[in-house]
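Peer 1:
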Amino acid sequence: MNATIAALLLQDGLTNGLLYALIALSILIVFLVTRVFWIPAGEMVVFGALTMGLLNTGMLPGTVWLLAILAVVALLSYSWSCWRQDEWRHWWRVLAFCGLYPSLTGVLAAWMAPLKPDPGWRAVLTLLLVTPMAPLLYLAVFRPIADATILTKLIVAVALHTVLIGLGLLLFGAEGLRSPALVSGRIDAGFMRISWQLVLVLIASVVLMLALWLFFENTLWGKALRATAVNRLGARLVAVRLELSGLLAFGIAGFIGALTGVLIAPISTMYYDGGFLIALKAFIGVVCAGMVSFPAAVAGALLVGVLDAFAAFYASSIRDVIVFAALIPILIWRSLSSHHSEFEE
4 MNATIAALLL QDGLTNGLLY ALIALSILIV FLVTRVFWIP AGEMVVFGAL
54 TMGLLNTGML PGTVWLLAIL AVVALLSYSW SCWRQDEWRH WWRVLAFCGL
104 YPSLTGVLAA WMAPLKPDPG WRAVLTLLLV TPMAPLLYLA VFRPIADATI
154 LTKLIVAVAL HTVLIGLGLL LFGAEGLRSP ALVSGRIDAG FMRISWQLVL
204 VLIASVVLML ALWLFFENTL WGKALRATAV NRLGARLVAV RLELSGLLAF
254 GIAGFIGALT GVLIAPISTM YYDGGFLIAL KAFIGVVCAG MVSFPAAVAG
304 ALLVGVLDAF AAFYASSIRD VIVFAALIPI LIWRSLSSHH SEFEE
């Protein structure tokens, strides 16, 4: 290996690492606020990438129908909960969200898809279609078990991941899709050739991370999420609605997943079942952070991306084995450096 190859591998590794970092942030946000392991984070990325690919061909993406299905299930689940508790105060808001939003977005997609809009408009439409899926999944699946144990939520998340893979195969098919670059061209810097698409990934990732930091530090909703993450009972005592916090956390995770799908669509061919591997590699970064630190999760995800790139060069047939094997010393280190106590919500 010479310096040129090493620099190219480092470039690819950092690019993938930034995408893993975004997914790691979404997993961590959802876990801290709701104690749910957001295993379907990879499916949000896949749905975003496949939606971009289908819009590029002028076809109506299957996410339109998936969004409608999730909206109906979420509304039925919320209505059942309201009926059992005899509490209908917020039912009309959920009805508007589950009824009007998917209808308007579906009509917009049906109108724009045959026109083959510019990449920017395709990205916006993809974000509109995929982002609300996560909060709808929260309303339909995780809100009814908000007080369950972490193990129960993990089992439900795994089951949901399996269901979403099946729906992905049904709605998108088994063929992989790839979109053209959002920004064409490249930068020639000596022996390095950096595409503008990679620059866009870097800028979008940094801007999103900065926006999240400002959101959690300076906004009332961000502070409410932090309070919920630190102490759920204390947050409830100071009038923070845990249900709204969970909905907001899943909304942020959905947006991050959709944006990551938009960014990764021109870089890699995506298949309906490719989300689990992405989420699993991002999860290694979360484990590096001890499930608590956002900066450490980003750093861990970047290391995973670089390790993945170099492993693909030296031993492409076992690249995933090498990456996941790196989780073992991390777990041992975390086990030895932390106090052993039972987790209490």
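Residue numbers (this note's numbering): 4 to 348.
C-beta atoms are modelled at their ideal positions from N, C-alpha and C, and glycine is treated no differently.
1) Between the alpha carbons of Thr66 and Asn234, how many angstroms are there, rounded?
2) Report the rounded CA-to-CA distance for Leu13 versus Arg125, giving the unit in angstroms.
3) Give me the DSSP bridge partner(s) of Asp191.
4) Assuming Pro105 and Leu142 form a contact by the criterion Cβ under 8 Å, report the distance between their Cβ atoms to the nearest whole angstrom.
5) Does the Cβ of Gly308 have 16 or more other Cβ atoms within 10 Å, making it buried, or fewer, making it exposed?
6) With DSSP collapsed to three states, give me the class of Leu63.
7) Is Leu69 helix, strand or coil by DSSP?
8) Leu3 and Leu31 look like a contact to me (Cβ under 8 Å); what is the Cβ gap, rounded to whole Å?
9) Which of the three DSSP states is assigned to Leu185 in this structure?
10) Going by DSSP, name the residue or residues bridged to Met273.
11) What's the gap between the Cα of Phe34 and the Cα of Phe40?
12) Tell me whether Lys284 sits in a helix, a strand or coil according to DSSP, three-state version.
13) Compute the Euclidean distance between the alpha carbons of Gly123 and Gly188, then round it to the nearest angstrom.
14) What are the start and end residues of the alpha helix (DSSP H) that includes Pro138?
15) Who are the Cβ neighbours of Glu63 in its own chain at under 7 Å, not counting the five residues just before and after it?
16) Flag this pair as touching only if the segment 166 to 175 and the segment 39 to 55 have three or more C-beta atom pairs under 8 Å; answer yes or no.
17) Going by alpha carbons, who is nearest to Lys226 out of Ala252, Leu203, Ile206?
18) Tell me whether Leu118 is buried or exposed, calling it buried when 16 or more other Cβ atoms sit within 10 Å of its Cβ.
19) Can you say whether Asn5 is buried or exposed, counting buried as having 16 or more other CB atoms within 10 angstroms of its CB?
20) Between Ser319 and chain C, is the shortest Cβ-Cβ distance under 8 Å, so that the two count as touching?
21) Return the CA-CA distance between Thr108 and Ala184, expressed in angstroms with no decimal places.
22) Restricting to Cα atoms, I'd like to know which of Arg322, Phe286, Thr272, Ile325 is closest to Ile42.
23) Going by C-alpha to C-alpha distance, which of Ala99, Leu11, Ile8, Tyr23 sits closest to Leu280?
24) With H, G and I counted as helix, E and B as strand and the rest as coil, what does DSSP make of Ile331?
25) Which residues in the same chain have their Cβ closer than 8 Å to the Cβ of Val202, if we skip the five residues on either side of it in sequence?
26) Go through its chain and collect everything with a Cβ distance to Val301's Cβ below 6 Å, but skip five positions before and after it.
27) For His164, report the span of its alpha helix (DSSP H) as first-last.
28) Label Thr18 either buried or exposed according to how many other C-beta atoms from any shown protein chain fall within 10 Å of its C-beta, with 16 as the threshold for buried.
Peer 2: Let me spell this out:
1) 36 Å
2) 30 Å
3) Arg196
4) Between Leu142 and Pro105 the Cβ distance is about 13 Å, and since that is not below 8 Å, they are no contact.
5) buried
6) coil
7) helix
8) This structure cannot settle anything about residue 3, because the visible part of the chain is limited to 4 through 348.
9) coil
10) Leu180
11) 6 Å
12) helix
13) 16 Å
14) 136 to 140
15) Note on identity: in this sequence residue 63 is Leu, with Glu being the wrong assignment. Here the set comprises Ala112, Ala113, Ala116.
16) yes
17) Ala252
18) exposed
19) exposed
20) Given the protein chain composition of this structure (a single chain), no chain C is represented.
21) 24 Å
22) Phe286
23) Tyr23
24) helix
25) Val186, Ile190
26) Ala24
27) 153 to 175
28) buried
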